[in-house]
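Q:
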Amino acid sequence: MKLSKFFKHTAIAATLALSVGLGQSVDAKTLRWAYQGDMMSLDPMSLNETFTLGFQGWFYETLAAYDKDLKLVPQLAEKWENPEPTKWIFHLRKGVKFHDGSPFTADDVIFSWKRSLTQGSDMKGYGAKAADIKKIDDHTVEVTTPTPNPILPRDWTFLYIMSKSWAEKNKTTEATNVKGGESNYANLHENGTGPFMIVDRQPDVKTTLKRFDGYWNKDIATNVTEITFQPISQESTRVAALISGEMDLVMPVPVQDWPRLESEPNVQVLNEPEARAIFIGMDQHRDELLFSNIKGKNPFKDKRVRQAIDLTVDTKVINQKIMRGAAKPLGTLIADKINGYDESFGAPYKTDIEKAKKLLADAGYPDGFTVQLDCPNDRYVNDEKVCQAVASMLARIGIKIDLLAQTKSKYFAKVLLQAGNNTSMYLLGWTPSSIDAANSLTNLVACRDSKTAAGQFNLGGYCNKEIDALIAKIDVETDQAKRNAMIKEAFTMLHNDYGYLPLHQQPMSWGVRKGIKVAQRADDVLDIRNVVMP
Amino acid sequence: MLNFIARRVFQSIFVMLAVGFIAFAMFRYVGDPINNMVGQDTTLEQRAELRRQLGLDDPFLVQYFRFIGNAAQGDFGMSYRQRRPVSELIESRMPATLELSFASAVIALFLGIPMGIYTALRRDGVLSRSFMTLSLIGISLPTFLIGILMILFFGVMLRWLPSFGRGDVVDLGWWSTGFLTKSGWQSLIMPAFTLALFQMTLIMRLVRAEMLEVLQTDFIKFARARGLPERMINFRHALKNTLVPVITITGLQLGSIIAFSIITETVFQWPGMGLLFIQSIGSVDIPVMAAYLLLIAFFFVIINLIVDLLYFAVDPRLRVQKS
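As you go down the protein sequences, you meet chains A and B in turn.
Just so you know, this note's numbering puts 184 at position 148 of the first sequence, and the rest follows in order with no gaps.
Just so you know, this note's numbering puts 761 at position 71 of the second sequence, and the rest follows in order with no gaps.
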């Protein structure tokens, strides 16, 4: 009796195992991919960083999101309207389920917004875009903004929606906090509405995901059913894992390895320009530069000196020699995929050494001067090499660059405002998180103001009152056409004022096994919805 | 003997306090942790608030004593990067490092000592010469390069072995082991050899030099004169007399295998404590760095203690002096 029961169970188990096994062998598509680091947390409010948020977008979703061309598309909201300058109505999608099976409603939106304002959250800035959110019915919310906000849906493309009931059940109603505590449940567990669910999570080692069968959108392109993700920090090991066939997709790939990968039959390199603009800033704030041989005055306050620099550095040569032609040279601080970009101010400056020399002489520096350039060596694509190239180009007009290239945590600890802003010249990269030009204007161009947090990454202290007046208008203009015209005006003024030395959009650099279709989104986010396996 | 051990344990506390002190004095020069903990849209005020919460504004002595005070109660703080308790992080990473170090130590000893003996006895043999050439490579090539070359050859060209990671592991509750799966063993081979190569050649050269010296001494000549069989002279008398320095060096090397597995772990993405340490430096994760350095100091102290105890077992003269 017992024995037969045992056999019966074994037989059932075997049949099940067989059917599952067969099912997998027919249509299981496992994507194995590697990145240089791991996402910092599963909690969508613990760190506002592109890779972490991009990865979380596989299992969490927002009201509006970007498609593969960075166009804004509806996600958990079906549509939205802006009936009054400070009021937005979002109509939420019906029939959406979280991974635990509970339905998505207006309460979850309000809960997630409130959670983004709790102590450990790094998304407080996004939360602060709303003064209040009211529930109209289960699938409609009304958002009141403190000031008119023309781009609220864009601002919230990374404000992920969590389940209220799940968070309350697991006592994770506050964002993960570095001080610890039981609310850190969401740091290692997720419950989103996205197309994939976390099956196993070993931070820094391995993360396994599988397709969520109850996903609302049946139209996404991907046919991937399982994902294993492993961070590989060493560049050569990462590339080796791709060539040896252990990985399907690795990011990033060092630029110098491109020729080698192109010679391999089974892999290819994707290197579209990123939405990140790389540029060099100059201290125009202090009356005397901290790191220069010129005493008593600041040469960068003189527009002729800045112009001479912008006319000397040939961004096309940097692109050819250091980026293998895959970057896009720029004459401004925003990339071409950013809302508000225009070729009239985005084209690079025309190099003219003779004119530059004359300008420098007119400004009173016929023999040039010496200045220190701060540069990270592990933050941007070939960052140190770019700085070296700039240094050798500036030497042609007598400006001697004393290059200080160091690891990013030391570099940022020297140049950032919070760390004392100890720099005279620095290389920085910027992607506006809203994919909109206004963010770059506020952070990089606006006069520094510790009260409003304007100009927080304007490390050279560039300040132009006319542009500031325009920024104030742009921030509250809800007519998109008028707004874009003002953005154009502001950037044209910056261009003609030679406020920065813009360099390029650096290339993204992904290595992928041939046959896999991947959309390279310009904000360097891999959206699983667009990955199609052969 | 007990007295001796107690004194050593007592000394180890001072060693660890000193290591912690030096570490905290240097952390100021590693960089600013705050920028790695927040996104670009976080305001200056929020950054300052976070810095204040974590006590990063305090002078380093205050930070040091706070750390020591908490550590004495078994609390090593929270990782800035992962927002998990440091003790939990290190616990989850320790098995990988210890298994790798153990495998490397076994390889180094079980290949190094026989090769040393062989090259000492057959100095001019073809095999001896090739061993000596091999050992030159092992001594002079950096671990990093050896690892990369191994990956290139066995991982990419031949595709025999996985080029990164630890393979599948079996979780035993308090210990995750790679010894129980096929992919675990396959993944272990390259990192273990890479890490062992330097130690192996060192042990081999040491054994060889010591053996050559001992074989010249009078008591070996007398043993030969007495007509003892060659095998007995070599292994019973000569080898045993070479072991004291070998044990010292091997013991110290075992400590450095654990400590310097950092490079091997980075090359092979081996998920151990060394890799954790490197990642922590990159993001200025001070609590993890501090705990790791203390732990390594502790390992060194313990290993030295074991080495000292082994002397008693190997060298009868020490026992005589004591009694």
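No residue lacks a Cβ here, since even glycine has one placed at the ideal position from N, Cα and C.
Check this for me: beta carbons of residue 861(B) and residue 84(A), under 9 Å apart or not?
A: In this structure, residue 84(A) does not lie closer than 9 Å to residue 861(B) by Cβ.
Q: Take residue 430(A) as the anchor and find which of 452(A), 404(A) and 446(A) has the nearest alpha-carbon.
A: It is 404(A) whose Cα lies nearest to the Cα of residue 430(A).
Q: Am I right that residue 901(B) and residue 810(B) are in contact with their C-beta atoms under 8 Å? What's the rounded C-beta distance?
A: The Cβ separation is near 4 Å, so the contact holds.
Q: For a test of the three-state rule: what should DSSP assign to residue 465(A), helix, strand or coil?
A: Three-state DSSP puts residue 465(A) in a strand.
Q: Would residue 396(A) and residue 353(A) be called neighbours here (beta carbons separated by less than 9 Å)?
A: No.
Q: Nearest by alpha-carbon distance to residue 839(B): which of 539(A), 344(A), 285(A) and 276(A) is it?
A: Here the closest residue by C-alpha is 276(A).
Q: Give the straight-line distance between the Cα atoms of residue 101(A) and residue 569(A), rounded to the nearest whole angstrom.
A: Cα-Cα distance, rounded: 23 Å.
Q: Nearest chain A C-beta to residue 734(B) closer than 9 Å, yes or no?
A: At least one chain A Cβ lies under 9 Å of residue 734(B).
Q: Tell me, please, whether the CB atom of residue 541(A) is closer than 9 Å to any CB atom in chain B?
A: No - not a single Cβ of chain B is within 9 Å of the one on residue 541(A).
Q: Bridge partners of residue 412(A), per DSSP?
A: Residue 412(A) is bridged to 442(A).
Q: Whose Cβ in chain B lies nearer than 9 Å to the Cβ of residue 216(A)?
A: Within chain B, the residues near residue 216(A) are 767, 768, 773, 774 and 775.
Q: Do you know how far the Cα of residue 750(B) is from the Cα of residue 327(A)?
A: C-alpha separation (whole angstroms): 28 Å.
Q: Please report the distance separating the alpha-carbon of residue 56(A) from that of residue 536(A).
A: A caution first: residue 56(A) carries a pLDDT of 43, below 50, which makes its placement in the model unreliable, though a value can still be read off. One C-alpha to the other measures close to 60 Å.
Q: Using 9 Å as the limit for Cβ to Cβ distance, is residue 246(A) near chain B?
A: Residue 246(A) does not count as touching chain B.
Q: Let me see if you follow: with CB-CB separation under 9 Å, is residue 455(A) close to chain B or not?
A: Answer yes: the Cβ-Cβ gap between residue 455(A) and chain B drops below 9 Å somewhere.
Q: May I ask you to report which of helix, strand or coil DSSP gives residue 304(A)?
A: In the structure shown, residue 304(A) sits in a strand (DSSP, three-state: E or B).
Q: Which one or two residues does DSSP pair with residue 113(A) in a beta bridge?
A: Answer by DSSP bridge pairing, in chain order: 128(A).
Q: Does the structure place the stretch 368 to 378 of chain A close enough to the stretch 318 to 325 of chain A that three or more beta carbon pairs sit under 8 Å?
A: These segments do not touch.
Q: What's the gap between the Cα of residue 450(A) and the Cα of residue 175(A)?
A: So the alpha carbons of these two residues sit roughly 48 Å apart.
Q: Which residue wins for smallest C-alpha separation from residue 417(A), given the options 235(A), 167(A), 287(A) and 252(A)?
A: Here the closest residue by C-alpha is 287(A).
Q: What's the C-alpha gap between residue 225(A) and residue 240(A)?
A: Residue 225(A) and residue 240(A): Cα-Cα distance of roughly 15 Å.
Q: Give the single residue among 870(B), 992(B) and 960(B) whose Cα lies nearest to the Cα of residue 837(B).
A: Residue 960(B) is the option with its Cα nearest to residue 837(B).
Q: Of all the alpha helix (DSSP H) runs that stay within the bounds of the stretch 307 to 374 of chain A, which reach a length of 4 or more residues?
A: Within the stretch 307 to 374 of chain A, the complete alpha helix (DSSP H) runs of at least 4 residues are 339 to 348 and 351 to 358.
Q: Terminal residues of the continuous beta strand (DSSP E) containing residue 982(B)?
A: Element bounds for residue 982(B): not the beta strand (DSSP E) but the alpha helix (DSSP H), 976 to 1004.
Q: Residue 281(A) to residue 554(A), Cα distance in whole Å?
A: Each residue's Cα considered, the two are about 17 Å apart.
Q: Closest Cβ-Cβ distance between residue 719(B) and chain A: below 9 Å?
A: Taking Cβ atoms only, chain A reaches closer than 9 Å to residue 719(B), which makes this a yes.
Q: When you compare the CB positions of residue 894(B) and residue 825(B), do they come within less than 9 Å of one another, or not?
A: Contact: yes.
Q: Please confirm whether residue 273(A) has its beta-carbon closer than 9 Å to some beta-carbon of chain B.
A: Judged by the 9 Å Cβ criterion, residue 273(A) is in contact with chain B.
Q: Could you check whether residue 948(B) and residue 989(B) sit closer than 9 Å to each other, using their CB atoms as the reference points?
A: The answer is yes: Cβ separation under 9 Å.
Q: Under 8 Å: do the stretch 541 to 552 of chain A and the stretch 360 to 367 of chain A share three or more Cβ pairs, one atom per stretch?
A: Yes, they touch.
Q: Report all residues from its chain with a CB closer than 7 Å to the CB of residue 421(A); omit the five preceding and five following residues, and keep chain order.
A: Only 358 meet the Cβ criterion.
Q: By how many angstroms is the C-alpha of residue 177(A) removed from the C-alpha of residue 127(A)?
A: Computed Cα separation, rounded: 7 Å.
Q: Any Cβ of chain B within less than 9 Å of the Cβ of residue 270(A)?
A: Residue 270(A) counts as touching chain B.
Q: Are residue 313(A) and residue 539(A) touching if we call contact CB-CB under 9 Å?
A: Yes, the pair counts as a contact, with Cβ atoms nearer than the cut-off.
Q: For residue 443(A) and chain B, any beta-carbon pair shorter than 9 Å?
A: Closer than 9 Å to some Cβ of chain B, the Cβ of residue 443(A) qualifies, so yes.
Q: Hey, is the stretch 709 to 719 of chain B in contact with the stretch 738 to 753 of chain B, meaning 3+ C-beta pairs nearer than 8 Å?
A: At 8 Å Cβ cutoff, the stretches touch.
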